[in-house]
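In my numbering, the protein residues as written are 23 to 168.
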């Protein structure tokens, strides 16, 4: 399997599930190196999100982006919604997976997976009217990939 130093996604995450897609599909194919990263732009519906951290949390259902390290083994960086945002492996020098004490517990992962399943299987209704639309994955593929 090929591993990559850099992946540039343009604004693809706007349409395929945001931070959930980035951490599920793209970060795992990065090399475990300090320079490895996935860059992307957030161009759609920036008015719906207060910050990059809010964007990360809204798509992944993880309350604080720093918890991505425990659940997905990656970190999200950047504050500007439109540019200079990226994700990288959490432990470039320490290898992957993270040491057990740094990972989420089995019970926490179980609770997260149940919440994620219901969010994807029974998405909240989309608001009618207005130009803003929060696009969530339209199928359970991110859940199955986890």
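From the three backbone atoms N, C-alpha and C, an ideal C-beta is built for every residue, glycine too.
The beta strand (DSSP E) that contains residue 110, what's its start and end? DSSP places residue 110 in the uninterrupted beta strand (DSSP E) bounded by 107-111.
By DSSP's criteria, residue 52 is part of a beta bridge. Which residues make up the other side? 26
Counting contacts by CB-CB distance shorter than 7 Å, is residue 34 in contact with chain C? Looking at the structure shown, chain C is missing, and only one protein chain is on hand.
Would you kindly work out how many angstroms separate the C-alpha atoms of residue 36 and residue 80, rounded to a whole number? 12 Å
Assuming residue 86 is part of the alpha helix (DSSP H), what are its boundary residues? Careful: residue 86 lies outside any alpha helix (DSSP H) and carries neither H nor E.
With 16 other Cβ atoms within 10 Å as the buried cut-off, status of residue 27: exposed
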